[in-house]
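Notes for the one structure printed next.
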Amino acid sequence: MNPNVEQALQTTLKNWNAMSASRGDEQEAVADQFQSSFYLFIDAVREWVYKLEPRPQTIDELLDMDMMQEILDVLPAPLHLNFETEVELIMDNVVRIDDDKYD
Numbered sequence: 001m002n003p004n005v006e007q008a009l010q011t012t013l014k015n016w017n018a019m020s021a022s023r024g025d026e027q028e029a030v031a032d033q034f035q036s037s038f039y040l041f042i043d044a045v046r047e048w049v050y051k052l053e054p055r056p057q058t059i060d061e062l063l064d065m066d067m068m069q070e071i072l073d074v075l076p077a078p079l080h081l082n083f084e085t086e087v088e089l090i091m092d093n094v095v096r097i098d099d100d101k102y103d
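At position 39 of the sequence shown (counting the first as 1) the number is 39 in my numbering, and the numbers step up by one without a gap.
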């Protein structure tokens with residue numbers, strides 16, 4: 001796996017686990033930290049995709065790649081749809097600005 005993507009993925013997973021275990025007053029801060037790490041992870045995936053030669057032509061081609069399958073294997077199931085949505089935007093060359101990202 002690409003080292004930048006792997007590092008960002010590990011941070012996202014750590015923050016997901018922290019968010020899942022958080023209670024009370026800390027929930028909002030932990031959720032914000034997770035959200036931030038998720039989009040840094042997506043940015044790392046975007047950079048990796050944009051450097052691929054040849055670049056996949058469809059989302060299915062991209063999702064069938066070994067690294068993407070590795071990501072989906074470790075990414076919690078509730079995040080699969082968000083991840084696939086972001087991958088679709090990557091394939092469409094759309095970059096979200098902060099206001100457009102999920103709350």
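For glycine and all other residues, C-beta sits at the position ideal for the given N, C-alpha and C. Nothing here was measured: the structure is a model prediction, and the numbers come from that model.
Touching by the beta-carbon criterion (3+ pairs, under 8 angstroms), the stretch 74 to 94 and the stretch 47 to 60: yes
Own chain, CB closer than 7 angstroms to residue 86, minus 5 neighbours either side, in chain order: Residue 86 sits at position 86 when you count from the first residue of the sequence shown. Closer than 7 angstroms at Cβ, skipping near neighbours: 42.
Exposure label - residue 44; buried when at least 16 CB within 10 Å: Sequence index remark: in the sequence shown, residue 44 carries index 44 (1-based). Buried, because 16 or more other Cβ atoms sit within 10 Å of the Cβ of residue 44.
Beta-carbon proximity of residue 2 to residue 67, cut-off 8 angstroms: Here the question's residue 2 lines up with position 2 in the sequence shown. Here the question's residue 67 lines up with position 67 in the sequence shown. Contact flag set, yes.
Three-state secondary structure (DSSP) of residue 95: As a position in the sequence shown, residue 95 is number 95, starting the count at 1. Note: residue 95 maps to coil in three-state DSSP.
C-alpha distance - residue 60 paired with residue 31, whole-angstrom precision: Mapped onto the sequence shown, residue 60 falls at position 60. Mapped onto the sequence shown, residue 31 falls at position 31. Their backbone Cα atoms lie some 30 angstroms apart in a straight line.
Per-residue DSSP class, three states only, for residue 103: On the sequence shown, position 103 is the one that residue 103 refers to. For residue 103, the predicted model reports a pLDDT of 46, less than 50, meaning its position is unreliable; a value from the coordinates is still stated below. Correct three-state label for residue 103: coil.
Three-state secondary structure assigned by DSSP to residue 20: In the sequence shown, the residue the question calls residue 20 occupies position 20. Looking at residue 20 - three-state DSSP - the assignment turns out to be helix.
Residues of its chain near residue 19, where Cβ-Cβ distance is below 7 angstroms and the 5 sequence neighbours each way are ignored: The residue labelled residue 19 in the question sits at position 19 within the sequence shown. Answer for residue 19: 30, 31, 34, listed in chain order.
Span of the alpha helix (DSSP H), counted from its first residue to its last, around residue 77: For the purposes of this step, residue 77 is taken as the residue at position 77 of the sequence shown. Element bounds for residue 77: n/a, residue is neither H nor E.
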